[in-house]
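If you're matching them up, the sequences are chains A and B in order.
Counting in this note's numbering, the first sequence runs from 1 upward without gaps.
Counting in this note's numbering, the second sequence runs from 1001 upward without gaps.
Beta carbons: idealized from backbone N, C-alpha and C, even for Gly.
Everything on this sheet refers to the single structure shown next.
2 protein chains.
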Amino acid sequence: MRLLLVEDENELADALTTALEKQGVVIDHAILLADAHELARQTTYDAILLDRRLPDGEGLTFIPQLRREGIVTPVIVLTARNDPKERIEGLDGGADDYLGKPFLVDELMARVRAVLRRPASVVEQQIKVGRMTIDPLNLTVTMDNSPFDLPRRELLVLIALAKRQGKTVVRSVLEAAVYNYEEEIQSNALDAHISRLRKRLADCSAGVSVHNIRGVGYLLKDDG
Amino acid sequence: MRLLLVEDENELADALTTALEKQGVVIDHAILLADAHELARQTTYDAILLDRRLPDGEGLTFIPQLRREGIVTPVIVLTARNDPKERIEGLDGGADDYLGKPFLVDELMARVRAVLRRPASVVEQQIKVGRMTIDPLNLTVTMDNSPFDLPRRELLVLIALAKRQGKTVVRSVLEAAVYNYEEEIQSNALDAHISRLRKRLADCSAGVSVHNIRGVGYLLKDDG
DNA sequence: CTCCAACAATTGCAGCAGCATTACCGCTCA
DNA sequence: TGAGCGGTAATGCTGCTGCAATTGTTGGAG
């Protein structure tokens, strides 16, 4: 899961980034609306976390801008302005949810999940493949109903592949699912993760395999 | 707009009904989960407003019941139980939003609107031809619903042809689809790819064939 | 009908881009 | 401080892909 955080208080942003990354979320952080706009254009995020009071303007103005460009990524507004009137303003301004500061990280994540659950995939909330069940919203994997722990990066790779089970996932999409802009990558780290993931899946005969499509990307296949 | 209100406190329900009806909203009111279930089956609501503590059970249990039956109507939970932990429980229980009592009617309506605004699923465009399904965005080809991998260049040729299925694709257009400017080509590499692609398609009787239009280009045809 | 020129198809081959694997090591966290 | 995560880089390998040579096909001119 990859989120765009638009927030000018660096302390809060850092704390949030750390907390969420521990849970396996990839965060890009923008301080200015202008930067956020650019990032949102370049990358497809699962959701956008938006502060209202920002150095270059009111965060809410950002939402119609995005929508005009056909970017429908859900937006959750995070703000200290938290009386009912403000909340209504936010929601009618196009926000998908509105969360007053201070908040618990867990509640934030629950709201992100709620927002992501909405489109289409009510049924597809969990992906079954081989002996595994993969829950992209909660970032968990179980194997025969018992938890199956994976290192964070391998988990992200697996989820990205599982979301398009049986379909090719282009290499760049995979990279975007695993790394944010600050951690641009130079070596074959992604390949290494794939390799390790494969080994792990084979070791416990998970009933799935990762195939390579040379020059394009990878795909996850259910064996048998 | 038509909403289903599931709430056992009659005073609150009446007040809410009156207030919302003034705004042109149609409200059906159920006191029991069982009644609510029946109503939800009969009518398509825009959203469901759900209390948690109800005479015949915990409101949250209602959500999975609905989802199992393929009813995807958004649910907003209204409740006095309103500490963060409860909210997380509610949201992860499948609620689309969670609003603590007391609340302003205006905020409720704003949240309803926000929930309704959420985008419908993105339809991915796919081209069917012969036994194959071609997804130009994901660079994926499936054959009878199982993945069918192709070398990159052949894949690009196939996609370019599939996009104009049954129509001639001029040679130069094909070249442009397969090669960028840096990799200008001198030999008959494109012909080679066509040839190899043909062989591959024939080998697995894909139900499509690539025809040549002498001096112009190629076209993809569905056999039969 | 025949022949020819232009265009197209096929295929072996060599080079190399892209992939897989693994060892290594710094880092973090318990 | 020990275990495991994760980035890097070296290594070997596979098979894609561009090339070119050869063969096949088409259609028009004579």
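Who are the neighbours of Thr168 of chain A on chain B, taking C-beta pairs under 8 Å? Asn1138, Leu1139, Thr1140, Pro1147 and Asp1149
Three CB pairs or more closer than 8 Å across the segment 1153-1164 of chain B and the segment 1173-1190 of chain B: yes
CA-to-CA distance, Thr1073 of chain B to Glu11 of chain A, given in whole angstroms: 39 Å
Please list the terminal residues of the continuous beta strand (DSSP E) segment that includes Thr1 of chain A. Checking the displayed sequence, the identity of residue 1 of chain A turns out to be Met instead of Thr. Per DSSP, Met1 of chain A belongs to no beta strand (DSSP E) and is neither H nor E.
Anything in the segment 1086-1110 of chain B with a Cβ closer than 9 Å to a Cβ of chain A? List those residues in chain order, please. Arg1087, Ile1088, Glu1089, Gly1090, Leu1091, Asp1092, Gly1094, Ala1095, Asp1096, Asp1097, Tyr1098, Phe1103, Leu1104, Asp1106, Glu1107, Met1109 and Ala1110
Thinking C-beta only, is Leu1004 of chain B closer than 7 Å to Asp1028 of chain B? yes
Would you say Leu78 of chain A lies against chain B (beta-carbon separation less than 7 Å)? no
So Thr1079 of chain B is in the beta strand (DSSP E); what residue range does that whole segment cover? Val1075 to Thr1079
Does Val1123 of chain B come within less than 7 Å of chain A when only Cβ atoms are used? Model confidence at Val1123 of chain B stands at a pLDDT of 47, short of 50, so the residue's coordinates are unreliable and nothing is read from them.
Roughly how many angstroms separate the alpha carbons of Asp1056 of chain B and Leu1116 of chain B, rounded to a whole number? 28 Å
Within the continuous alpha helix (DSSP H) that includes Val26 of chain A, where are the two ends? Note, Val26 of chain A: premise wrong, no alpha helix (DSSP H); beta strand (DSSP E) at Val26 to Ala30.
So who's on the other strand from Thr133 of chain A, going by DSSP bridges? A:Lys128 and A:Thr142
C-alpha distance - Leu1039 of chain B paired with Val1006 of chain B, whole-angstrom precision: 10 Å
So for Val1216 of chain B, helix, strand or coil by DSSP? coil
In angstroms with no decimal places, state the Cα-to-Cα distance between Ala120 of chain A and Gly1215 of chain B. In this prediction, Ala120 of chain A scores a pLDDT of 46, lower than 50, which makes its location untrustworthy; no coordinate-derived value is stated.
Between the segment 98-105 of chain A and the segment 176-190 of chain A, do at least 3 Cβ pairs fall closer than 8 Å? no
Of all the options A:Arg131, A:Ser187, A:Ala192 and A:Thr142, which has the alpha carbon lying nearest to the alpha carbon of Ser209 of chain A? A:Arg131
What does the alpha-carbon distance come out to for the pair Pro84 of chain A and Asp106 of chain A? 22 Å
Beta-carbon separation (whole angstroms), Ile165 of chain A vs Leu220 of chain A, contact threshold 8 Å: For clarity, residue 165 of chain A is Gln in the given sequence; the question names Ile instead. About 5 Å; that satisfies the 8 Å criterion.
For chain B, check one thing: does any of its Cβ atoms lie closer than 7 Å to the Cβ of Gly224 of chain A? no
When DSSP labels each residue in this structure, what does Tyr1179 of chain B get in the three-state scheme? coil
Quick check on Pro136 of chain A: buried or exposed, where buried means 16 or more other Cβ atoms within 10 Å of its Cβ? buried
From Ala225 of chain A to Glu182 of chain A, what does the alpha carbon distance come to, in whole angstroms? Limits of chain A in this structure are 1 at one end and 224 at the other, which puts residue 225 of chain A out of reach.
Does any residue of chain A bring its CB to less than 7 Å from the CB of Arg1152 of chain B? yes
Indicate whether Met1 of chain A and Asp46 of chain A have their beta-carbon atoms separated by less than 7 Å. yes
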